[in-house]
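Notes follow once the structure below has been shown.
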Amino acid sequence: MGLPGDEGGIEGLPLQLLIVAIVAGITAPIVYAGLDAYDHGQVASRVEGEVLRLTRAAQQYAVAGGGAETLTLDFRGGLFVSVDYVWIGDRPGGSFANVVRYRIAGEGERVVLVERPAVSLAGPDNRTLALGAGTYEIHLEVLYDSVVVSVAE
């Protein structure tokens, strides 16, 4: 299997390897971009779903006037994308008391407003509960006029 009339010696296996290298070089970035976009969408969807699950539970207990629950929330990153932070609430009466903020690498901060009904969220020390990437057991408990959110031990 050679090129007819090629006396220069560029034939057979070296030419096939060159073609394979060129094709791989062209397709690898496209495959990586596709996997990155898919992973990014999966992580964003999972984190948003977990934040909404947390806020809905907080609203239910606040409306009920009391109660507590421990939720397992998954804020892990993906293969190509990481979760920078998830910040829950603020001090009671603070400007971010009814807000959950999170950031996924490569994006701006996303904000979920806990309204209708508005619920004040606070960490166990009456400050923002700051979480990084990972899986957490989050304990919700209604105390006085806010929902206290803490990492269960």
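Numbering (my numbering), first residue to last: 1466 to 1618.
A virtual CB, placed ideally from N, CA and C, is assigned to each residue, including glycine.
Predicted model only: the values in this text are computed from it and were never measured.
Can you tell me which of the three DSSP states residue i falls into?
i: ARG1518; result: helix
i: THR1492; result: helix
i: VAL1546; result: coil
i: SER1510; result: helix
i: ASP1555; result: coil
i: ALA1595; result: strand
i: ALA1617; result: coil
i: ALA1527; result: helix
i: TYR1609; result: coil
i: ALA1486; result: helix
With 16 as the cutoff for other CB atoms within 10 Å, does residue i come out buried or exposed?
i: GLY1554; result: buried
i: SER1611; result: buried
i: ALA1529; result: exposed
i: THR1593; result: buried
i: VAL1496; result: exposed
i: TYR1567; result: buried
i: LEU1596; result: buried
Have a look at the DSSP bridge pairing and note the partners of residue i.
i: GLY1568; result: Residue identity differs from the one stated: residue 1568 is Arg in this sequence, not Gly. Answer is TYR1550, GLU1574.
i: LEU1586; result: VAL1612
i: GLU1580; result: Partner(s): none; GLU1580 has no beta bridge.
i: HIS1505; result: According to DSSP, HIS1505 bridges with nothing at all.
Which residues bound the beta strand (DSSP E) around residue i?
i: ASP1629; result: The shown model of the chain, from 1466 to 1618, leaves out residue 1629, and the question about it has no answer.
At a Cβ threshold of 9 Å, is residue i touching chain C?
i: LEU1605; result: In summary, chain C is missing from the structure at hand, where a single protein chain is found.
Flag residue i as yes when its Cβ comes closer than 8 Å to any non-hydrogen atom of the ligand ZN, and as no otherwise.
i: VAL1614; result: You won't find the ligand ZN in this model; it holds no ligand whatsoever.
Are there three or more Cβ pairs, one per stretch, closer than 8 Å when the region 1532-1551 is compared with the region 1582-1592? Counting Cβ pairs under 8 Å, fewer than three are found: no touch.
Specify whether the region 1557-1567 and the region 1502-1510 touch according to this definition: at least 3 beta carbon pairs, one from each stretch, less than 8 Å apart. With the cut-off at 8 Å, the region 1557-1567 and the region 1502-1510 do not touch.
Given 8 Å, three or more beta-carbon pairs between the region 1595-1610 and the region 1511-1531: Between the region 1595-1610 and the region 1511-1531, the count of Cβ pairs shorter than 8 Å is three or higher; the stretches touch.
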